[in-house]
Amino acid sequence: MALLYKSDPARGAEWAKILAQKAPDLSFRIWPEIGDPKDIRYFAAWMPPDDLMTQFPNLELLISVGAGVDHLDLSKLPLGLPIARMVESGIVDGMVEYVSMAVLGLHRDLIDYAAQQRDDVWKQIRVRPAATRRVGVLGLGMLGEACCRMLNNFGFQVAGWSRSRREIEGVTCFVGAGELPDFLGRTDILVCLLPLTDETRGMLGADLFAQLPKGAKLVNTGRGGHLDQDALLAALDSGQISAAWLDVTTPEPLTKGHPLWSHPRVLVTPHIASMTQPETAVDVVLENLRRHHAGEPLIGLVDRKRGY
Ligand code: NDP
1 MALLYKSDPA RGAEWAKILA QKAPDLSFRI WPEIGDPKDI RYFAAWMPPD DLMTQFPNLE
61 LLISVGAGVD HLDLSKLPLG LPIARMVESG IVDGMVEYVS MAVLGLHRDL IDYAAQQRDD
121 VWKQIRVRPA ATRRVGVLGL GMLGEACCRM LNNFGFQVAG WSRSRREIEG VTCFVGAGEL
181 PDFLGRTDIL VCLLPLTDET RGMLGADLFA QLPKGAKLVN TGRGGHLDQD ALLAALDSGQ
241 ISAAWLDVTT PEPLTKGHPL WSHPRVLVTP HIASMTQPET AVDVVLENLR RHHAGEPLIG
301 LVDRKRGY
């Protein structure tokens, strides 16, 4: 019985070291050194091959090495194959850091000061207390909830939006399409931490921007596919959106010369908000193998109907 890994080879080598200590009996293989394909029972991958089940006829469990599963074509994977996404504390910690940085950066006018510095301008912008700023987080899952809690600690007025009703201390929770307009209407800084699904694709567009207060700011750490980039550029030009902090784009990498690169009100980072950390990820993978054998519910089991 073997676990096959197909993603960044450098991090694969770290998995190998950790697994050699924590699970010496588990045969761990890094793509493309597969060995006998019939041995492969578990596959941890970012991009598995299309002919997955033909190549690995004894595969029992597919593990996404990332928190999202939008890179997988769920419709092509056999219904009997459970898919677990990565639910581990390293991803959460990284995202909480990044979202805090982005929200604080927008709140404290970092984009304005970066522009001023380029022009040798010393001009103070009045400091607004965090308590006067309303932050709204789209998605209250593993990442959204943790970010809300941290933003709460800074004193922001924090709200969140999800599909099913959530209760988080100190966070005003909105649910579903019916409550989206109220959520947006009270949001000065909008953070997207949704999974990319048929329902959420393209939702950061002209219609949504129009429901935000004029001059609202945007942080997108979900997926590039959530954002209509042309609509964002138009909203920045009209002043409806006053600044955007983007970790994800379409395409990735963002093409050379794309207007988002040089827009004075946009900050772009190359999809680094958070990364799976081998030390903590391996613990969750081993726990999931144990649960799989014991017939217990998997951590991060993907619901194919919902798409996340
Ligand atoms: P979860 O599945 O834990 O949470 C998703 C949240 O979104 C849930 O609260 C869910 O609602 C809500 N949601 C999903 N669909 C809808 C909808 N149609 N309407 C309203 N709410 C909806 O995901 P995570 O928090 O772990 O991750 C979120 C995303 O972050 C990932 O899918 C990935 O795209 C992105 N990500 C980005 C990274 C980066 O480096 N930029 C790194 C890691 C992840 P409910 O609670 O009701 O289910």
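The opening residue of the sequence shown carries number 1 in UniProt numbering; numbering runs sequentially from there. Virtual Cβ for every residue (Gly too), placed ideally from N, Cα, C.
Q) What does DSSP give as the partner residues of I63 in its beta bridges? A) Answer is A44 and A84, bridged to I63.
Q: Please classify A273: does DSSP put it in a helix, a strand, or coil?
A: Looking at A273 - three-state DSSP - the assignment turns out to be coil, as it is neither helix nor strand.
Q. At a cut-off of 8 Å, is E167 close to ligand 1 when judged by its beta-carbon and the heavy atoms of the ligand?
A. Checking the 8 Å criterion, the Cβ of E167 is out of range of every heavy atom belonging to ligand 1.
Q) Do the stretch 255–273 and the stretch 297–305 meet, that is, are 3 or more Cβ pairs less than 8 Å apart? A) With fewer than three CB-CB distances shorter than 8 Å, the stretch 255–273 does not count as touching the stretch 297–305.
Q: Tell me whether V284 sits in a helix, a strand or coil according to DSSP, three-state version.
A: Secondary structure of V284 (DSSP, three-state): helix.
Q. What do you reckon, is the C-beta of W245 under 8 Å from a heavy atom of ligand 1?
A. Result no, Cβ not under 8 Å from ligand 1.
Q: Could you please give the first and the last residue of the uninterrupted beta strand (DSSP E) stretch that includes N153?
A: Following the DSSP letters along the chain, one finds N153 in no beta strand (DSSP E) but inside the alpha helix (DSSP H) bounded by residues M142 to N153.
Q: Would you list the one or two residues that DSSP bridges to R29?
A: R29 is bridged by DSSP to L4.
**Q.** Candidates A206, R186 and K256, of which the one nearest L233 by Cα
**A.** L233 has its Cα closest to that of A206, out of A206, R186 and K256.
Q: Pick helix, strand or coil for residue 315, following the three-state DSSP scheme.
A: Beyond the ends of the chain as shown, which are 1 and 308, falls residue 315; an answer cannot be given.
**Q.** Bridge-paired residues (DSSP) for T54
**A.** DSSP lists no bridge partner for T54.
Q. CA-CA distance, Y308 and A84?
A. The alpha-carbon of Y308 is positioned some 10 Å away from that of A84.
(Q) Can you tell me whether R223 is buried or exposed? The criterion is at least 16 other CB atoms within 10 Å of its CB, across all chains shown. (A) With 16 or more Cβ atoms within 10 Å of its Cβ, R223 is classed as buried.
Q. Within 8 Å: the Cβ of Q4 and any heavy atom of ligand 1?
A. Sequence inspection shows Leu at residue 4; the Gln mentioned does not correspond to that position. Checking every heavy atom of ligand 1 against the Cβ of L4, none is found closer than 8 Å.
Q) According to the Cβ coordinates, are S64 and L72 closer than 9 Å? A) Against a cut-off of 9 Å, the Cβ pair of L72 and S64 comes out as a contact.
Q) Would you call the stretch 52–61 and the stretch 256–270 in contact, with 3 or more CB pairs under 8 Å? A) Judged by Cβ distances under 8 Å, the stretch 52–61 makes no contact with the stretch 256–270, as fewer than three pairs qualify.
Q.
When you measure from the CB of P297 to every non-hydrogen atom of ligand 1, does any distance come out below 8 Å?
A. Result no, Cβ not under 8 Å from ligand 1.
Q: Report the residue from L236, K217 and D228 whose alpha carbon sits nearest the alpha carbon of D109.
A: Ranking L236, K217 and D228 by Cα distance to D109 puts K217 first.
(Q) Contact defined as beta carbons within less than 8 Å: I believe G185 pairs with R201. What is the distance between those atoms, to the nearest angstrom? (A) About 23 Å separates the beta carbon of G185 from that of R201, a gap too long to meet the 8 Å contact definition.
(Q) Buried or exposed, going by whether 16 or more other CB atoms sit within 10 Å of the CB of Q117? (A) Under this definition Q117 is an exposed residue.
(Q) Would you say the beta carbon of E252 is closer than 8 Å to some non-hydrogen atom of ligand 1? (A) No - ligand 1 has no heavy atom lying nearer than 8 Å to the Cβ of E252.
Q.
Would L260 and T249 qualify as a contact pair, given that the criterion is a beta-carbon distance under 9 Å?
A. It is a contact, given that the beta carbons lie within the stated cut-off.
**Q.** Candidates K214, V282, T132 and M95, of which the one nearest A13 by Cα
**A.** Residue nearest to A13 within the set K214, V282, T132 and M95 is V282 (criterion: CA-CA distance).
Q. Fully enclosed by the stretch 123–202, which alpha helix (DSSP H) runs are 4 residues long or longer?
A. Listed in chain order, the complete alpha helix (DSSP H) runs (minimum 4 residues) inside the stretch 123–202 are 142–153 and 176–185.
Q) Which stretch, first to last residue, makes up the beta strand (DSSP E) that contains L227? A) Element bounds for L227: n/a, residue is neither H nor E.
Q.
Could you check if R291 belongs to the surroundings of ligand 1, using beta carbon to heavy atom distance under 8 Å?
A. No; taking the cut-off as 8 Å, the Cβ of R291 has no heavy atom of ligand 1 nearer than that.
(Q) I'd like the list of long-range same chain contacts for V284, defined as Cβ closer than 8 Å, with 5 residues on each side in sequence excluded. (A) Cβ neighbours of V284 beyond the five flanking positions: M86, V87, E88, I299 and G300.
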